[in-house]
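Numbered continuously in the working numbering, the sequence shown closes out at residue 1124.
Here's the structure, in structure tokens; my notes come after.
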Amino acid sequence: MQNMQYEKTPDELNKFKHLNHIEISECRTFHKLGGLPLYNPRFIDVEKFHHPGIAPVHDQSGGYHINLDGIAIYKQRFDKTFGFYCDRAAVMDKGKYYHIDLEGNRTYRGSYDWIGNYQEDKCVVRQGDKFFHIDLAGNRLYLEEYDYVGDFKDGIAVVYKNRQATHINYKGHFIHNKWYKKLGIFHKGYANAEDNNGWFHIDIKGEQIYDHRYKMVEPFYNGYAKVETFDERLGQIDITGNIKHVIHTPDTISQMHKISRELVGFWHTYLINAASQMGVLQLLPANTVSLGKKLKVNQENLHRFLRALWEINFISYDGKNDIWQLADKGQFLIDNTFMIKAAKMWGKVITQENWLKIPELLKQEPIQSFLSFKENENNEDIKTEFYQALLGYTALDITEFAKKIDINQKTKVLLFGVHSLVLVDILKSKNINSISYHNEPKLPAQLVRNFDVVIREENDSTKECDLVIFTRFLQHYDDNKVLSYFKALKNTKVSRILLVETVIEECKPMGGIVDMNIMVEAGGKLRTRINWENILEQVGDFSISDILPLTSYLSVIDIRKK
563 MQNMQYEKTP DELNKFKHLN HIEISECRTF HKLGGLPLYN PRFIDVEKFH
613 HPGIAPVHDQ SGGYHINLDG IAIYKQRFDK TFGFYCDRAA VMDKGKYYHI
663 DLEGNRTYRG SYDWIGNYQE DKCVVRQGDK FFHIDLAGNR LYLEEYDYVG
713 DFKDGIAVVY KNRQATHINY KGHFIHNKWY KKLGIFHKGY ANAEDNNGWF
763 HIDIKGEQIY DHRYKMVEPF YNGYAKVETF DERLGQIDIT GNIKHVIHTP
813 DTISQMHKIS RELVGFWHTY LINAASQMGV LQLLPANTVS LGKKLKVNQE
863 NLHRFLRALW EINFISYDGK NDIWQLADKG QFLIDNTFMI KAAKMWGKVI
913 TQENWLKIPE LLKQEPIQSF LSFKENENNE DIKTEFYQAL LGYTALDITE
963 FAKKIDINQK TKVLLFGVHS LVLVDILKSK NINSISYHNE PKLPAQLVRN
1013 FDVVIREEND STKECDLVIF TRFLQHYDDN KVLSYFKALK NTKVSRILLV
1063 ETVIEECKPM GGIVDMNIMV EAGGKLRTRI NWENILEQVG DFSISDILPL
1113 TSYLSVIDIR KK
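So this is what it looks like as structure tokens:
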């Protein structure tokens, strides 16, 4: 058979001139040019023609490639064929993938669980659940494996690992070693990036080029990029991130519905709390009749309740068979038991009267801290569940602690605040064995017995320690109370203090809602770096050495004795 890379018939040459105008027929069984069939044969399915005038097709014999006359360019047949890129085409053969040349021959020995198309002579492949790139000869470009890799463009590709994304070059080296939630490819010097606050653009150094965040951003096009704001406005921004042209704004009805959803957000809290108390999710899958009997609830009322959980995507319903089953959110809730406890805790939070007294609280100068509903809870079982919910959140938030914080093995550590208990295993893994917990406010015995830590309840618990760690603890207190904790450490052996806190910024919204919750619940507050520096200045002896981010909303403030 002729090799299409080097030789074409006169008829093919004429068709090749119009390659970009060749279309797939509506029935997808042949190609057209100028509204007329390009050739006589018919197939089960055809795909688009690519340079050098070759298209993937499928018929009763299998998958293969044809030329512009509809003739097979080789004898081999495959399960599935894809387009030619860089003179290579991806094929599926007996459930595995590899690349072939224009004669239908393998271009390398190995096979993969999935492959992409060659771009810039490099290709994405997947083996098992790991992705990497290979060259034209099938050789790996680098040793590292990722959760996902994208195509190279201008020598740069996006890679994902541990739910974060960055950019690499052909050698697998990081372009900037900045990691984001999601990333796009670089286009005209900028790439789309997403963090926990939204989408924006970064430069080749991985740095944001503006502070704004959007619901969606597109690549820059002649100096402007299309964006969508969180209130559903569409517009164009320049490289300052400011909207320079408004495409459209949401209509009145859309705005009304959006604000109404915010106003009735407590509906969700109460529904999930009720589902947690009843244990509904743990009984699924099930039909309405059996659920009604197990829960001792009227079937009609139960169906109404389940429909509401269905609407907020915690469960789904197969009406044909009358089967209720877990959706992804519901499955996550029961797989992570602390979330069930969190649902009960938040159900209690929104009943606090202080939410209705925010205007009065704001007038206090200063707002003084007080015991929260958790400390005031008399039932030890309920109190334990509240704290277990908090521990569940923090355990997920501090996974980077061990990697980012260096602590000498001989250090004697004292922990403050229930959230600090999740650090016990992390510290033990670093061979730090002298770990104590200052039990104030006092925790339920059934909670602390699960942690390998010395419980100290005396006022001089700081006497022998070198390092004190406050984890989401000082945020619950007013400045005077925080100052008293620091002053108590001033004339001790303590040479280092770590604060695990959300550090807010005056000109950014992050942390605003949590800050209000802390104010309502305990009279505490989140603080800026300047706030912390002002407190330490009053103490003397201590100063901030560094602030290390653990997540986009939680950091470790490293304080050292001067």
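Every residue gets a Cβ at the ideal spot worked out from N, C-alpha and C, and that includes glycine.
Boundaries of the alpha helix (DSSP H) harbouring W1094: R1091 to V1101, taken from the DSSP string.
At the C-beta level, T956 and T1033 come within 8 angstroms of one another.
A distance below 8 angstroms between beta-carbons, with the five flanking residues on each side excluded, links V1016 to the following residues of its chain, in chain order: I997, S998 and Y999.
In its chain, beyond the 5 residues on either side, E756 and D757 have a beta carbon closer than 6 angstroms to the beta carbon of K743. L846 and R671 have their C-alpha atoms some 48 angstroms from each other.
Taken in chain order, the whole beta strand (DSSP E) runs of length 3 or more contained in the stretch 915-989 are 975-978. Under the three-state reduction of DSSP, D884 is assigned to coil, being neither helix nor strand. For the beta strand (DSSP E) assignment, the uninterrupted runs of no fewer than 3 residues enclosed by the stretch 773-814 are, from N- to C-terminal side, 787-790, 796-799 and 805-810. Take S587, set aside five residues on each side of it, and the residues of its chain with a beta-carbon closer than 6 angstroms to its own are K594, in chain order. Of the candidates T728, G979, T913 and D1077, the residue whose Cα lies closest to the Cα of Y1115 is D1077. Burial state of I834 is buried, judged by a 10 Å Cβ sphere holding 16 or more other Cβ atoms.
Here the C-alpha atom of E942 lies approximately 14 angstroms from the C-alpha atom of A951. Judged by DSSP secondary structure, L868 falls within the alpha helix (DSSP H) whose first and last residues are Q861 to E873. Excluding sequence positions up to five before and after I988, its CB lies within less than 8 angstroms of the CB of I960, F963 and A964, all in the same chain and listed in chain order. For V975 and E706, the gap between their C-alpha atoms comes out near 37 angstroms.
The alpha-carbon of E915 is positioned some 49 angstroms away from that of I747.
When C-beta atoms of the stretch 897-906 are compared with those of the stretch 850-864, fewer than three pairs fall below 8 angstroms, so the two segments do not count as touching. Straight through space, the alpha carbons of K692 and D1103 are spaced by roughly 50 angstroms.
Distance from the CA of L1060 to the CA of N679, rounded to the nearest whole angstrom, comes to 49 angstroms. Of the candidates Q930, R688 and G785, R688 places its Cα closest to the Cα of D675. By the Cβ neighbour-count rule, A1007 is exposed, with fewer than 16 other Cβ atoms within 10 Å of its own.
When rounded, the separation of the alpha-carbon atoms in N602 and G632 is 7 angstroms.
When DSSP reads this structure, C685 sits in a beta bridge with I696.
V1010: member of the alpha helix (DSSP H) spanning A1007 to V1010, first to last residue. If you draw a straight line from the Cα of I662 to the Cα of Y722, it comes to about 28 angstroms.
By the CB criterion at 8 angstroms, S931 and G1085 fall inside the cutoff.
Apart from sequence neighbours up to five positions away, the residues of its chain that approach T1090 with a beta-carbon distance below 8 angstroms are V1065, I1066, E1067 and E1068, ordered along the chain.
L895 counts as buried, since no fewer than 16 other beta carbons sit within 10 angstroms of its beta carbon. Take the alpha-carbon of I635 and the one of R604: they are about 16 angstroms apart. When the beta-carbon positions are compared, A787 and I805 stay at least 8 angstroms from each other. Just so you know, the alpha carbons of Y752 and Y647 end up roughly 26 angstroms apart.
Shown here, W761 sits in a strand according to DSSP, grouped into three states. Assignment of V1076 by DSSP, reduced to helix, strand and coil, places it in the helix class. DSSP places Y601 in the coil class of the three-state scheme, outside both helix and strand. Boundaries around L1061 are those of the beta strand (DSSP E), R1058 to E1063, since no alpha helix (DSSP H) includes it. In terms of Cβ geometry, G892 and L843 form a close pair [threshold 8 angstroms].
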